[in-house]
Amino acid sequence: MRQYDEMNVLGFRDVFYVFLKRIKIIAGLTLLSLTVSIIVTFFLMTPKYETFTILMLGRPADYGIEVGITAQDVQLNRQLVSTYAEIAKSNSVINQVSSNWGDGMTPLYIRERVKVTLLNNTELIKVTARDADPIIAAKLANQMAETFMKEVAKIMKIENVQIIDKAEIPRKPVSPRPELNLTAGTLFGMLSGAFLAFFLEITDQSIKTSDDVVKLLNLPVLGMIPEMTEER
Numbered sequence: 100m101r102q103y104d105e106m107n108v109l110g111f112r113d114v115f116y117v118f119l120k121r122i123k124i125i126a127g128l129t130l131l132s133l134t135v136s137i138i139v140t141f142f143l144m145t146p147k148y149e150t151f152t153i154l155m156l157g158r159p160a161d162y163g164i165e166v167g168i169t170a171q172d173v174q175l176n177r178q179l180v181s182t183y184a185e186i187a188k189s190n191s192v193i194n195q196v197s198s199n200w201g202d203g204m205t206p207l208y209i210r211e212r213v214k215v216t217l218l219n220n221t222e223l224i225k226v227t228a229r230d231a232d233p234i235i236a237a238k239l240a241n242q243m244a245e246t247f248m249k250e251v252a253k254i255m256k257i258e259n260v261q262i263i264d265k266a267e268i269p270r271k272p273v274s275p276r277p278e279l280n281l282t283a284g285t286l287f288g289m290l291s292g293a294f295l296a297f298f299l300e301i302t303d304q305s306i307k308t309s310d311d312v313v314k315l316l317n318l319p320v321l322g323m324i325p326e327m328t329e330e331r
């Protein structure tokens with residue numbers, strides 16, 4: 100194994116030398132990785148579109164008859180939001196959406212593309228849909244919200260469920276992200292090239308220059324034989 104100093108580590112000049120010596124390997128792997136990233140991002144990955152609708156939930160109709168909203172009411176609503184969220188992604192809601200939709204829209208297909216989340220410290224639920232077709236994504240989010248409203252009204256007897264933001268047809272895909280993918284591909288190629296360059300350099304035990312003699316044998320160079328060229 101090549102020894103660069105008494106501590107068996109590479110110095111700054113050695114690192115620069117390795118980069119310069121193996122620049123073709125580093126550049127080649129960087130270009131290869133970038134090319135693969137471009138092909139995967141723009142030709143193999145299917146663009147995904149995402150949109151969402153937001154619902155605001157009220158209290159059960161049989162909870163009190165007081166006029167106005169108290170702090171206790173607000174706290175109760177927030178505690179019930181998690182229950183409503185479970186209803187929103189329940190089989191009854193998803194199966195109903197699938198039945199109303201038709202055209203091969205299976206419950207599994209819907210479940211894989213819809214996400215229901217709670218907005219922290221609020222009485223709001225966010226229904227997000229992602230699909231390769233932006234129109235389907237918007238339609239799916241809106242139908243989930245509408246079906247959920249009907250189901251909650253039947254099960255929980257909610258007085259007030261409103262759609263705050265209706266899902267709109269997205270114009271730009273959320274994935275893939277070309278900038279991120281190409282940057283990651285370039286960095287991966289550079290790091291792979293650098294690793295391979297250092298691996299080849301460290302495992303190379305051949306002597307190529309007078310500096311190698313000094314580093315490997317710790318002996319002074321007394322003289323050098325010049326390379327002979329054949330004269331014609």
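The sequence shown begins at 100 in our numbering and counts up by one.
Even glycine gets a Cβ: it sits at the ideal position worked out from N, Cα and C.
Asked: Does the separation of the CB atoms of Asp230 and Arg212 fall below 8 angstroms?; Found: yes
Asked: Go to Phe151, then tell me how far its beta strand (DSSP E) extends in each direction, as first and last residue.; Found: Tyr148 to Leu156
Asked: Who pairs with Ala228 in a beta bridge, going by DSSP?; Found: Thr150 and Val213
Asked: Does Asp264 come out as helix, strand or coil in the three-state DSSP assignment?; Found: strand
Asked: Which residues in the same chain have their Cβ closer than 6 angstroms to the Cβ of Ile164, if we skip the five residues on either side of it in sequence?; Found: Low confidence applies to Ile164: its pLDDT is 49, below 50, so where it sits in the model is not reliable enough to give any reading.
Asked: I need the boundaries of the alpha helix (DSSP H) containing Glu222, first residue and last residue.; Found: First-last for Glu222: undefined, no H or E at that position.
Asked: Restricting to Cα atoms, I'd like to know which of Phe247, Ile262 and Ile263 is closest to Lys256.; Found: Phe247
Asked: Which of the three DSSP states is assigned to Ser189 in this structure?; Found: coil
Asked: Decide yes or no for the touch test of the segment 137-148 against the segment 294-305: beta carbon pairs closer than 8 angstroms, at least 3 of them.; Found: no
Asked: Which same chain residues end up closer than 6 angstroms to Ser132 when comparing Cβ atoms and leaving out the 5 residues on each side of it in sequence?; Found: Gly284, Phe287 and Gly288
Asked: Comparing alpha-carbon positions, which option in Met155, Tyr208, Lys120 and Ala293 lies nearest Leu128?; Found: Ala293
Asked: In whole angstroms, what is the alpha-carbon distance linking Gln261 and Tyr183?; Found: 13 angstroms
Asked: Note down the Cα distance separating Ile153 from Phe115, rounded to an integer number of angstroms.; Found: 56 angstroms
Asked: With a threshold of 16 other CB atoms inside 10 Å of the CB of Gln178, please say whether the residue is buried or exposed.; Found: exposed
Asked: From Ala87 to Leu290, what does the alpha carbon distance come to, in whole angstroms?; Found: The requested residue 87 does not occur in the structure, where the chain is confined to residues 100 to 331.
Asked: Please list, in chain order, all residues of the same chain as Lys253 whose beta carbon is under 6 angstroms from its beta carbon, the five residues on each side excluded.; Found: none
Asked: Enumerate in chain order the residues of its own chain whose CB-to-CB distance from Leu281 is below 8 angstroms, with the five nearest sequence positions on each side excluded.; Found: Leu133, Ser136, Ile137 and Thr140
Asked: Does the distance from the C-beta atom of Ser198 to that of Thr205 stay below 8 angstroms?; Found: no
Asked: Any idea if Arg121 is buried or exposed, counting beta-carbon neighbours within 10 angstroms, 16 or more meaning buried?; Found: buried
Asked: Taking just the CA atoms, how far does Trp200 sit from Asn219?; Found: 31 angstroms
Asked: Buried or exposed: which applies to Arg112, given that a residue is buried once 16 or more other Cβ atoms fall within 10 Å of its Cβ?; Found: exposed
Asked: What residues in its chain sit with their C-beta under 8 angstroms from that of Pro277, if we drop five residues either side in the sequence?; Found: Thr140 and Phe141
Asked: Pick from Thr145, Thr308 and Glu245: whose alpha carbon is nearest that of Lys271?; Found: Thr145
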